[in-house]
């Protein structure tokens with residue numbers, strides 16, 4: 221019995237020493253702070269935004285796409301080039317469909333700047349992507365309009381020639397003129413639609429993309445992101461004590477056997 225009590229006291233001392241060592245290590249480690257911001261993803265297409273009088277949130281597909289964008293290498297490189305590489309970023313979706321951005325850094329102010337900067341950087345990257353896509357569509361429609369203008373000019377000249385020839389014998393040309401007029405009318409309608417679409421694309425090409433609806437801006441707070449030193453010390457002490465008890469129990473059992 222005396223031997224067992226002596227062993228327990230020794231185990232307690234070892235556990236306390238281990239806890240003190242881990243506390244000292246945890247106490248002198250570099251501090252880590254976290255900051256978070258929450259926002260809703262807007263409708264991606266400006267056309268839909270206009271149709272809904274500027275009111276509207278992105279669909280679940282648009283939210284998932286925005287999450288992919290925020291986790292992309294492009295956004296990470298943009299943040300590293302501005303804030304350095306000593307940070308971590310966690311992106312998640314809330315149960316209400318909003319996006320939560322949590323940044324962790326060695327400085328509380330820096331963590332807040334990174335969290336807010338990530339939202340702005342994602343909006344900027346999305347705008348560049350949208351303008352690139354609109355620009356491609358604009359080029360396609362511009363080529364289509366140019367082709368239709370040439371076709372309209374060609375048909376108009378042909379129709380004018382037929383009408384001139386029909387002055388001598390209108391009955392001989394009536395069917396042909398009717399067919400050409402229908403063809404010409406179809407081209408004019410298509411050209412009108414194409415030019416209207418081209419004007420819309422030109423406006424969208426220079427219009428800003430809808431920005432994220434930030435409902436909680438990340439602010440500078442003294443909230444530590446790491447586990448407190450006392451918690452690490454307590455946990456390590458308990459683990460060391462439990463390991464010692466397990467080993468001593470097996471040792472005593474083997475002696476009795």
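Numbering (our numbering), first residue to last: 221 to 477. Ideal Cβ placement from N, Cα and C applies to all residues, glycine included. Because the structure is a prediction, the values reported are computed rather than measured.
Buried or exposed by the 16-neighbour rule on C-beta atoms within 10 Å, applied to residue i
i           : result
residue 329 : exposed
residue 253 : buried
residue 491 : Because the chain in this structure spans residues 221 to 477, residue 491 falls outside the shown range and cannot be described.
residue 264 : buried
residue 281 : exposed
residue 426 : exposed
residue 258 : buried
residue 317 : exposed
residue 343 : buried
residue 356 : exposed
residue 297 : exposed
residue 322 : buried
residue 334 : buried
residue 428 : exposed
residue 381 : exposed
residue 256 : buried
residue 374 : exposed
residue 384 : exposed
residue 436 : exposed
residue 432 : buried
Range of the contiguous beta strand (DSSP E) that encloses residue i
i           : result
residue 315 : Here residue 315 belongs to no beta strand (DSSP E), and DSSP marks it neither H nor E.
residue 255 : 253–260
Bridge partners - residue i, DSSP secondary structure assignment
i           : result
residue 415 : Paired residues: none, contrary to the question.
residue 308 : 324
residue 436 : 258
residue 277 : 262
Of the residues the options, the one placed nearest residue i, counting alpha carbons only
i           : options            : result
residue 439 : 297, 320, 316, 336 : 336
residue 305 : 433, 314, 295      : 295
residue 324 : 318, 401, 332      : 332
residue 293 : 420, 309, 279      : 309
residue 379 : 394, 366, 367      : 394
residue 377 : 361, 401, 364      : 401
residue 353 : 424, 301, 262, 259 : 424
residue 370 : 410, 384, 298, 429 : 410
residue 279 : 287, 300, 261      : 261
residue 289 : 429, 346, 350      : 346
residue 251 : 307, 299, 327, 319 : 327
residue 366 : 299, 301, 413, 312 : 413
residue 303 : 338, 361, 372      : 338
residue 397 : 386, 277, 351      : 386
residue 362 : 372, 320, 419, 441 : 419
residue 434 : 319, 348, 300      : 319
residue 368 : 315, 441, 405      : 405
residue 287 : 358, 351, 341, 399 : 341
Start-to-end residues for the alpha helix (DSSP H) that takes in residue i
i           : result
residue 282 : 280–290
residue 300 : 293–303
Any non-hydrogen atom of the ligand PLP closer than 7 Å to residue i Cβ
i           : result
residue 419 : Ligands are entirely absent from the displayed structure, and the ligand PLP is therefore not among its contents.
Cβ of residue i within 8 Å of any chain D Cβ
i           : result
residue 349 : Chain labels in this structure do not include chain D; a single protein chain is all it has.
> What runs of the alpha helix (DSSP H), each 4 residues or longer, lie entirely inside the segment 364–433?
Replying inline: Correct list: 390–426.
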